[in-house]
Amino acid sequence: MEPFEAAALIKDAFPSDISNITEFRGQVCITVNKDRIKDIMRHVHDEPGLSFHFLIDLCGVDYMGKKEPRFEVVYHLYSMQHGTHMRLKAAVPENDLTIDSVVDVWAGANWRERECFDMFGIMFKGHPDLRRLLLPEDWEGYPLRKDYPLKSDLGEKEWSGYKDVVEVAKRNKAYEAH
Amino acid sequence: MQSEKELKTRNLTINMGPQHPATHGVLRLVLELDGETVINCTPHIGYLHRGMEKHGENLTYAAALPLTDRLDYVATMANNVGYCIAVETLLGIGVPERAKYIRTLVSEMSRICSHILWIATHALDIGAMTVFLYSMREREWLMDLFEKICGARLLCIYPRIGGVRCDVSHEVLDSLYEFTEAFPKKIVEYETLIDQNRIWFQRTKGIGVISAEEAINWGLTGPTLRGSGVAYDIRKIAPYDAYDKVEFDVPVGKNCDTYDRYRCRMEEFRQSNRIIRQCIEKLPDGFVLSPEAPGFDMQAGPLNKTQVQEGAGPSFSEVYCATEAPKGELGFYMISDGTGKPYRMRIRTPSFAHAAALSKLCRGHLVADVVAIIGSTDLVLGECDR
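So this is what it looks like as structure tokens:
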């Protein structure tokens, strides 16, 4: 099945919730309303004509100052029955950083949503265990946001675990061979 | 004396890793045990998190290439190829035919390297130590060839956006052809060491079973998914490089367990061998690097018009490109804002999904089986944590 046909099928089912269908290098992308994300995802997973059973990836993107709303959650889907790839996006505004979790639909979304929360601070409503995944539990800030610096000297505000490492390194300097 | 009814038992929570030889790196599992049986398994990752996606956004397209070596550090060529294909698709850069074949060749070489390391450590974890010693011999042969091709053994950075860095010499191709003639016999050697072994059967058959539907639902890919009988292989469904010009089969299992995943990878040895032979035989003449290939100092302004998507806001264009890395689907989701640096570089790695599924795979098995299951998913924490 051609990706555009699949996009048209989704558009027929949710005519008012799909705002934009774009295509680049043969890859089709649909922008959907974030309030209906769970219904839409349930539909594309269960509907036999679509059967997107495979969630390839889920990630966040920060368009700070370039686009409104600021954040986007991107879902990459694949249908093994029809051999179709599809990209769905839902825009998440900065003043309401929430979106429904799709863990009920795809178990594989669990860690990906946790990572997205970890890196962008987007809250996934209904997620069974929304904790930080890659960063330590007491980490402050969301590193993949565009206003988070790549390198910085935070001084006293540095993460406590880092201070410990620096202390140990200083102590070990005494044992260095000269 | 207390009667048995009055004896209280409680579940024991133990920590496996991050420093544990069988967790293949720094994976930490918190296991809740009832006797020897795992009731609950909670994986913790992030010990190797280096912020690769953030770094990628701050480097030019060409300069971010060496980062990808550090993803799956036992099959670096396959990562480089995956990244290059994503950037080429995004920027619309063509690749010379000879470079396509060379890339296919080195990808399959790194698949064999990766699978050799997998069979060596997997067998070692389960208790068959001999395989380790035999398989390292063949890996060394390939490592030497990598060194002859590009000067590095492990972190190659050989493929480039728009081709490969330099041409391969005749000596390398001759030696590689010799390897492909010798290797099928070596695979049989590994198989005789473990395939007739009753202990191996008992440790792997019926362990870590995941049905095809569940495996898809959890997002498993590569041989871990194919062991459950799903013939999902990017090289077949969306061929890249020269994979549409070579013949190979996609082996699948049917019992969905650790043993079938082992069988799948052993068959993949033979298929990779077949692909390498065909690549050497069909290798065309010509250039190996496209003249459009970007340099490291690609700071300059907007890319040309064909490289920018229309209708997606202020000149944002995006692609998702996947390749079949040895562990599974390695995908790069690249967003360009028209400048020389990627706006967003998202890396979809197979080990991430596999580590997430460990909680499902390990439940109800013995602690000793956890080791076998981790081995059968072929985790590399470098690409899991990125």
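Chains as they are written, first to last, in this note's numbering: chain A, 1 to 178; chain B, 1001 to 1386. Ideal Cβ placement from N, Cα and C applies to all residues, glycine included. Keep in mind it's a predicted model, so treat the numbers as computed, not measured.
Asked	Found
Spatially closest choice to B/P1159 from B/H1115, B/V1081 and B/Y1262, by CA coordinates	B/V1081
Completely contained beta strand (DSSP E) runs for the stretch 1031 to 1063 of chain B, where each covers 3 or more residues	1037 to 1044
Alpha-carbon spacing of B/C1264 relative to B/S1351, whole angstroms	17 Å
Contacting residues, own chain, Cβ-Cβ under 7 Å from B/V1319 (five flanking each side not counted)	A1086, T1089, L1090 and M1334
Short CB-CB distance (under 8 Å) between A/M71 and chain B	The sequence shown places Phe at residue 71 of chain A, rather than the Met named in the question. No, its Cβ sits nowhere closer than 8 Å to a Cβ of chain B.
Chain A contact for B/R1344 (CB, 8 Å cutoff)	yes
Chain-ordered neighbours of A/F120 on chain B, where CB pairs are closer than 8 Å	Chain B residues near A/F120: none, gap ~11 Å exceeds 8 Å.
Beta-carbon proximity list for A/H43, same chain, < 7 Å, skipping 5 on both sides	A13
Residue from A/S160, A/S16, A/G83 and A/E68 whose Cα sits closest to the Cα of A/A6	A/G83
Listed by chain order, chain A residues near B/R1348 by CB distance under 7 Å	I56 and D57
Contact under 8 Å by Cβ, B/E1057 with B/K1341	yes
From B/E1268, B/D1195 and B/Y1240, residue whose alpha carbon lies closest to that of B/V1252	B/E1268
A/W81, DSSP secondary structure in three states	Contrary to the premise, residue 81 of chain A reads as Gln rather than Trp in this sequence. Here A/Q81 sits in coil by DSSP.
Close Cβ partners of A/L9 (< 8 Å) along its chain, the five nearest in sequence each way excluded	E47, G49 and L50
Contact check, A/L150 vs B/H1049, beta carbons under 8 Å	no
In chain order, each alpha helix (DSSP H) run of at least 4 residues that lies wholly inside the stretch 1167 to 1224 of chain B	1170 to 1194, 1198 to 1204 and 1212 to 1217
Cα-Cα separation between B/T1121 and B/F1183, rounded to whole angstroms	19 Å
Environment of B/A1300 [buried if 16+ CB atoms lie within 10 Å]	Interpretation of B/A1300 is limited by its pLDDT of 44, a score under 50 that renders its predicted location unreliable; the figure taken from the coordinates is listed afterwards. It counts as exposed.
Three-state class that DSSP yields for B/E1147 in the structure shown	helix
Helix, strand or coil at B/N1080 according to DSSP, with G and I counted as helix	helix
A/P181 versus B/N1015 - alpha carbon distance	As shown, chain A starts at 1 and ends at 178. That puts residue 181 of chain A outside it, with no answer to give.
First through last residue of the beta strand (DSSP E) which encompasses B/Q1278	No beta strand (DSSP E) contains B/Q1278, which is instead part of the alpha helix (DSSP H) from T1258 to K1282.
Contact test: B/I1237 Cβ vs the ligand COA heavy atom, cutoff 7 Å	With respect to small molecules bound, the structure shown includes none, and the ligand COA cannot be examined in it.
In DSSP terms, what A/F54 is bridged to	A/Y78
Where B/G1313 sits in the DSSP three-state scheme	Low confidence applies here, because B/G1313 scores a pLDDT of 41, under 50, leaving its location unreliable and the question unanswered by this model.
Under 7 Å by beta carbon: chain B residues contacting A/R25	T1089 and V1319
Contacts around B/E1006, its chain only, beta-carbon distance under 6 Å, and the 5 residues preceding and following it disregarded	none
Contact with chain A by B/Y1232, beta-carbon distance below 8 Å	yes
Below-8 Å beta-carbon distance, B/G1046 vs any chain A residue	yes
Whole-Å CB distance - B/T1428 paired with B/L1366, under 8 Å assumed	Nothing in the structure corresponds to residue 1428 of chain B, since chain B is present only between 1001 and 1386.
Which of helix, strand or coil DSSP assigns to B/A1357	coil
Straight-line gap, A/I21 to A/V105 (C-alpha atoms, nearest Å)	23 Å
Terminal residues of the beta strand (DSSP E) in which B/L1012 lies	L1012 to M1016
B/T1323 in three-state terms, based on DSSP	strand
Segment contact, 8 Å Cβ cut-off, at least three pairs: the stretch 1227 to 1246 of chain B with the stretch 1203 to 1216 of chain B	yes
Cut-off 6 Å between Cβ atoms - residues of its own chain near A/T31, not counting five sequence neighbours on either side	S19, N20 and K89
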